[in-house]
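Engineer: Got a structure for you, questions after.
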Amino acid sequence: MSKVAVYPGSFDPITLGHVDIIQRISHLYEETVVLISQSPNKASLFTPQERKELIERSLSHLKNVRVDIHEGLTTDYMKTVNSQVIVRGLRAVVDFEYELTMANMNKMLAPSIETLLVFADPKYYFISSRGVKEVAQHGGSLQGLVTDVVADALTKKMKRSK
Ligand code: ADP
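Residue numbers (this note's numbering): 39 to 200.
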């Protein structure tokens, strides 16, 4: 039995869609690890450390959730925390193919690990980190898309890059 669930992703930055998935999972496992997958091939707005802090500050009300940063295969990380459950969120049909490919690849790498796909709440269906960054870039309201701490950080980051 896996007591720990791992929710990997870029979280650049964490959105209310991610927060919702984490809240729902945190009730099912003793511990949930939000894993920032650091990829040198993927350009990001926030550094992994900044993303970690934003997640921690957005989830301070959840006591059994912790945040970690990992560069490399998620399946390798899973072994270090003795977890057999990878959590991913599913929004629209477009997410499905990508998630299916990833889940099958991970199954090849580590057959004992299962991918748990959690449907996005319809309220958050349309929210993506990419969309949120675009809204911030053009000075739109971030209300209802991200937590206040993330909204502040995005606004500051955009000001600095202008
Ligand atoms: P990645 O680059 O690995 O896709 P993301 O940070 O974009 O990382 O997303 C992490 C996970 O959260 C993915 O499984 C993604 O489908 C899911 N996700 C993203 N946005 C939402 C949302 N609004 N509601 C539910 N799940 C979401």
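Built from N, CA and C at the ideal position, the CB exists for glycine as well.
If Ile124 sits next to Leu154, beta carbons under 8 Å apart, how far is it from one beta carbon to the other, in whole angstroms?
Structural biologist: The residue labelled residue 124 in the question sits at position 86 within the sequence shown. The residue labelled residue 154 in the question sits at position 116 within the sequence shown. 7 Å between Cβ atoms; contact.
Engineer: Sorry if obvious, but does the Cβ on Tyr162 come closer than 7 Å to a heavy atom of the ligand ADP?
Structural biologist: Locating residue 162 in the sequence shown gives position 124, where the first residue counts as 1. Yes.
Engineer: Hey, is Leu128 close to the ligand ADP, as in C-beta under 7 Å from one of its heavy atoms?
Structural biologist: Taking the sequence shown and counting its residues from 1, one reaches residue 128 at position 90. The answer is yes for Leu128.
Engineer: Would you kindly work out how many angstroms separate the C-alpha atoms of Phe134 and Arg126, rounded to a whole number?
Structural biologist: Along the sequence shown, read from residue 1 onward, the residue named residue 134 stands at position 96. Along the sequence shown, read from residue 1 onward, the residue named residue 126 stands at position 88. Between Phe134 and Arg126, the C-alpha separation is close to 11 Å.
Engineer: Taking DSSP's pairing of strands, which residues face Glu69 in a bridge?
Structural biologist: Counting from one through the sequence shown, the residue named residue 69 turns up at place 31. Beta-bridge pairing links Glu69 to Val42.
Engineer: Tell me which same chain residues have a C-beta within less than 8 Å of the C-beta of Gln181, skipping the five on either side of it?
Structural biologist: For the purposes of this step, residue 181 is taken as the residue at position 143 of the sequence shown. Hits under 8 Å: Ala189.
Engineer: If you measure between the beta carbons of Ala148 and Arg129, is that distance less than 8 Å?
Structural biologist: Residue numbering aside, residue 148 sits at position 110 when the sequence shown is read from its first letter. Residue numbering aside, residue 129 sits at position 91 when the sequence shown is read from its first letter. No, these two residues do not count as a Cβ contact at 8 Å.
Engineer: Return helix, strand or coil for Arg198, following the three-state DSSP convention.
Structural biologist: For the purposes of this step, residue 198 is taken as the residue at position 160 of the sequence shown. If DSSP states are grouped into helix, strand and coil, Arg198 belongs with the helices.
Engineer: Let's test the definition: count the other Cβ atoms within 10 Å of the Cβ of Met146 and tell me whether it reaches 16, buried, or not, exposed.
Structural biologist: Translated into the one-based positions of the sequence shown, residue 146 becomes position 108. Answer is exposed; the Cβ neighbour count stays below 16.
Engineer: Starting from the C-beta of Lys90, find all residues in its chain whose C-beta is less than 7 Å away, skip the five residues before and the five after it, and write them out in chain order.
Structural biologist: In the sequence shown, residue 90 corresponds to position 52, counting from 1. Once the five neighbours on either side are set aside, the close Cβ partners of Lys90 are Ile74, Val105, Ile107.
Engineer: Leaving out the 5 sequence neighbours to the left and right, which residues in its chain are closer than 7 Å to Thr70 when beta-carbon positions are compared?
Structural biologist: Within the sequence shown, numbered from 1, the residue matching residue 70 stands at position 32. So the list reads Ala43, Tyr45, Ile60, Ile63, Ser64, Asn102, Val103, once near-sequence residues are dropped.
Engineer: Let me check you understand the geometry: is the CB of Phe49 closer than 7 Å to at least one non-hydrogen atom of the ligand ADP?
Structural biologist: As a first step, residue 49 is located in the sequence shown; it is residue number 11 there, counting from the start. The answer is yes for Phe49.
Engineer: For chain C, find out if any of its Cβ atoms is closer than 8 Å to the Cβ of His176; answer yes or no.
Structural biologist: Note that chain C does not occur in the displayed structure, where there is just one protein chain.
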